[in-house]
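Data block below; observations after.
Chains as they are written, first to last, in the working numbering: chain A, 1 to 556; chain B, 1001 to 1556.
So, in structure tokens, the structure goes:
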């Protein structure tokens, strides 16, 4: 295997469409969709490895993420999704090992984060959108393949003497099943920890009835009855799930304008723009508020479709965040700005939430905003929010101000204003299950109830008094204070900041979801640096070369 | 600064006594104790660095751990502990940077784990034993110094224009305040995350009223009134805390017999023995059950004092676990065995728990067992429990079987038995707050209630049926099955196992305590491997050399 260039040569793009999928085939039969993995060996994202055995790389996962997201909007009639393999004897062999072995540390870490987010989105399609994913394992589901199954609501394993579920990561590769695997094993499926220990060290995995007995799968079905059993299960999910009235809403390509000029790399979407200054290690992310009046009915919202402000803004922001993570490693700090009419944001918030009570499309939009803001929480860059005159940090967009690591609000002659909306108090929780306001006021929970009554716009003095912003420099200090803060941040170790932010952002309780990004991912990232995995003789490096890994046998 | 040998040349010993302390001075005035840090610069644990500014190394922390633990047993009259510095202008400068910079990765990780356990024990002395720790900051409390204060129940900061609290780790050293610092900041003190972000990047820290406003300290007091205010606060704690009737119970030295023979290194305590086979990367840890009748009254228990079985066993096991972590890095797998009468264990359990309802000493013993078993949960070695004929895995000792990563119970002609006791159902929770049985049966919580009625001893068939053991090989398979399991475990990457076990052992909820060892420590361990911290030009390496750290400025 040739050593690859350290990062994909071309920027990674996160938009795709079923018509351009290379590896996933989507088909529909009424309320039942079929998501078939049929990974094309010789179409990896980056030249240099072969996607054997339905293994995946980021290119495959971008398609999966698109499919899961798109189905929620474009196919509301779908209530069960069969996740199957179109290749014989293998369901999915997980993340491609040669890809992992040849990737940079940063790419591995970001790849795993993205795939984790995709699995969680799939899981939330089950719980939030009534699209129930069923993994139909007609072959070996190894590593990330079984992790994909674990994210599904129901796992059917074919009892044909060879189909199996397995976590070969630890025994064969000296890494963890880090795409939620270990966490879902004991926290979601609640597999007994001693059995989980045995399973996770058994390269060949577990087949047949034992897989069911240990709680690794939900059903074990003989080959002759496999297709029938899977379909029956899908129909049962369909029957138990309320129908969502179509038609679906098409998600067109965002078609942003990309540009480069004088050391700056920019991308302009409709409501979002991102400008990266690599030399300054800084990016500016600016979001425009909505204009005019919000749609007053489900029909009006449907007419706007993908152009509805919340949806378009969230899709653009989501794309920009993925762009930031993968294509701008040089950027350590993101300056968040908004422009527009805060009152309009609040009107749009109220209208959307009101419709979301009964309209699936409005509800899906809220969920998309929620997922996107979680992606921001989990992005390993510092975020500073700049609340200046002309900004519209209100409601949905105020979430960005308190998702940021700190905020600066302009006081003095020309000052900024902020406001909350119903969006601030529940619809957009973090991965911990708390809202950002609840997280902010862990020490004084009554503050949140108090703020719920604060329906006016707040000036800097009031916002500071309420604890909603960090600093409120006036005309004299504004420029210097922000300049110094940006320079100081840029001088610190990126790694220490990543670890610091991952700790300070997620105060309070943990959920299965947050544990995946904390306990599991942090340990995996540690292991991804250990010579036993990634050294010249590390297991991840020598896999498939016919060499045996050489381990430092000391325990840390 | 000279490069040090990679590990302390001599084994680290964890037993000490106030009469042998070098760095800590304990004094008592009725119900108020004074724990003064007065670190002797030229008495580090390992030659090669100087303990300036009341900074600490493992040697200092072993004294602190001893003091906190000993006070709970030997000084029940103490209800408030003033943590002070005997050095002018500085409370404590935290973990010694030159020590950290010159230590191996494994030593750093284990050092931080031990210091975290010590801070948690201090915290639990407040909540569980009515010994309230007050940090009296008469100078700078930086990094680990402030983290020590954070573990105290109340922090008083002197408002003298120079005393400050600070976390210079990220800005100066490119690492985290990893001794619980970041977690306690936002989870215990619930400091607002944006303020925590500012504080954690500000090398010089925060002084005076602002420290109080931000919630970093509880009181800010002018220098002239400092001593008086601290004493008043101590008296308030004393007045609010029920008295514990003395006299205390002296904890004598354990005086184990240490030996080496044919590649084996052993230590024999009274109830615990540890034999390490470095070549096989294996250790055998054997625990003897109690003999005779348990003490039937608080007086009888007091008469046994430190020789009481539970207490002596726990102290020995605790010492052996620290020994394993620091002095036997070669060991990856620990075989847990017990010998004795399971019925006696249960009688001793019942007697102790019955006394613990009203007797502080009995209660302290239970708490000591709890702490020790938590230390086992957090030890980065694999544990396999071997339940063979002659073993006594009952009650307290059955916890070891389910703390283990897996268990083998001998069936057939000569078989083993197991049993639960009241100890299984509450007094010995893990750091997640769940009992080990609750963790084991997350999927079927009713099982725990069902088992509470199961008061008989169980044979292998019953134990397997109840899900209490992993495997029950019979006479034919026993030797081979265990031998193969041990060999297989020894062949796996120690790092991957550490990460895997850290994930599988702690299913379910997280607490502040468990977050320290998951979210915080795992990230810190990651950072402890990053070149920005520990590379030749890493901040931790060049600190104090007059060189500037050189960072890879890319974000991961």
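Backbone N, C-alpha and C define an ideal beta-carbon position, used for all residues, glycine too. All of these numbers come straight from a predicted model, not from anything done at the bench.
Practice task
Consult DSSP for residue 286 of chain A and reduce its assignment to one of helix, strand or coil.
Solution key: strand
Handout entry: Anticipated Cβ contact below 8 Å, residue 1504 of chain B with residue 186 of chain A, distance rounded
Key = 6 Å
Exercise for the section: Output the boundary residues of the beta strand (DSSP E) element that contains residue 1219 of chain B. Expected result: 1219-1222
Practice task
With 8 Å as the threshold, decide whether the Cβ of residue 88 of chain A is near any Cβ in chain B.
Solution key: no
Problem - CB contact below 8 Å: residue 1526 of chain B versus chain A - result: yes
Problem - Length of the line joining the Cα atoms of residue 1209 of chain B and residue 1138 of chain B - result: 15 Å
Practice task
Give every residue of the same chain whose Cβ lies closer than 6 Å to the Cβ of residue 1193 of chain B, excluding the five residues on either side of it in the sequence, and list them in chain order.
Solution key: 1186
Handout entry: Rounded straight-line distance, which links the Cα of residue 401 of chain A to that of residue 619 of chain A
Key = No answer is possible for residue 619 of chain A: it lies beyond the span of chain A, which begins at 1 and ends at 556.
Practice task
Show which residues of chain A have a CB atom less than 8 Å away from the CB atom of residue 1494 of chain B.
Solution key: 532, 551, 552, 553, 554, 555 and 556
Practice task
Give the single residue among A/412, A/481 and A/421 whose Cα lies nearest to the Cα of residue 461 of chain A.
Solution key: A/412
Problem - Minimum Cβ-Cβ distance from residue 1168 of chain B to chain A less than 8 Å - result: no
Handout entry: residue 202 of chain A vs residue 165 of chain A beta-carbon contact at 8 Å
Key = no
Practice task
Note down, in chain order, each residue of its chain lying with its Cβ closer than 6 Å to the Cβ of residue 265 of chain A, except the 5 sequence neighbours on either side.
Solution key: 276
Handout entry: Per DSSP, the bridge partner or partners of residue 1158 of chain B
Key = B/1221
Handout entry: Chain-ordered chain B contacts of residue 109 of chain A [CB-CB under 7 Å]
Key = 1556
Handout entry: Minimum Cβ-Cβ distance from residue 330 of chain A to chain B less than 8 Å
Key = yes
Handout entry: Beta carbon of residue 1147 of chain B nearer than 8 Å to that of residue 1171 of chain B
Key = no
Practice task
In angstroms with no decimal places, state the Cα-to-Cα distance between residue 5 of chain A and residue 180 of chain A.
Solution key: Residue confidence is low: residue 5 of chain A scores 40 on pLDDT, short of 50, so the model does not pin down where it sits. No coordinate-derived value is stated.
Handout entry: Segments of 4+ residues assigned as alpha helix (DSSP H) that fall wholly inside the region 1355-1397 of chain B
Key = 1360-1377
Problem - Between the CA atoms of residue 1438 of chain B and residue 540 of chain A - distance to the nearest angstrom - result: 36 Å
Handout entry: Opposing strand residues paired with residue 1080 of chain B [DSSP bridges]
Key = B/1032 and B/1132
Problem - 8 Å Cβ cutoff met for residue 1141 of chain B and residue 1151 of chain B - result: no
Exercise for the section: Check residue 1337 of chain B in the structure and name its three-state DSSP category. Expected result: strand
Exercise for the section: Report yes if the CB atom of residue 1428 of chain B is closer than 8 Å to the CB atom of residue 1370 of chain B, and no otherwise. Expected result: yes
Exercise for the section: Determine the contact status of residue 39 of chain A and residue 54 of chain A, defining contact as a CB-CB distance below 8 Å. Expected result: yes
Practice task
Starting from the beta carbon of residue 1198 of chain B, find every residue of chain A whose beta carbon is closer than 8 Å, and list them in chain order.
Solution key: 406 and 470
Exercise for the section: Inspect the beta-carbon positions of residue 16 of chain A and residue 46 of chain A and report whether they are closer than 8 Å. Expected result: no
Practice task
Give the DSSP-derived three-state secondary structure of residue 345 of chain A in the structure shown.
Solution key: helix
Practice task
Just the C-alpha distance for residue 1252 of chain B and residue 1228 of chain B, rounded to the nearest angstrom, thanks.
Solution key: 36 Å
Exercise for the section: Keeping to the same chain, check which residues put their C-beta closer than 7 Å to that of residue 1220 of chain B; ignore five residues upstream and five downstream. Expected result: 1157, 1159, 1208, 1209, 1211 and 1212
Practice task
Enumerate in chain order the residues of its own chain whose CB-to-CB distance from residue 1425 of chain B is below 6 Å, with the five nearest sequence positions on each side excluded.
Solution key: 1452
Handout entry: Residue closest to residue 1154 of chain B, alpha-carbon to alpha-carbon, out of B/1182, B/1195 and B/1235
Key = B/1235
Practice task
For the alpha helix (DSSP H) holding residue 1200 of chain B, just list the boundary residues, first then last.
Solution key: Counting along the chain, residue 1200 of chain B falls outside any alpha helix (DSSP H), and DSSP gives it neither H nor E.
Exercise for the section: From the DSSP output, in three-state form, read off residue 98 of chain A for me. Expected result: helix
Practice task
Please classify residue 1271 of chain B: does DSSP put it in a helix, a strand, or coil?
Solution key: coil
Exercise for the section: Within the same chain, show all residues whose beta-carbon is closer than 7 Å to that of residue 1068 of chain B, passing over the 5 residues directly before and after it, in chain order. Expected result: 1118, 1121, 1122 and 1125
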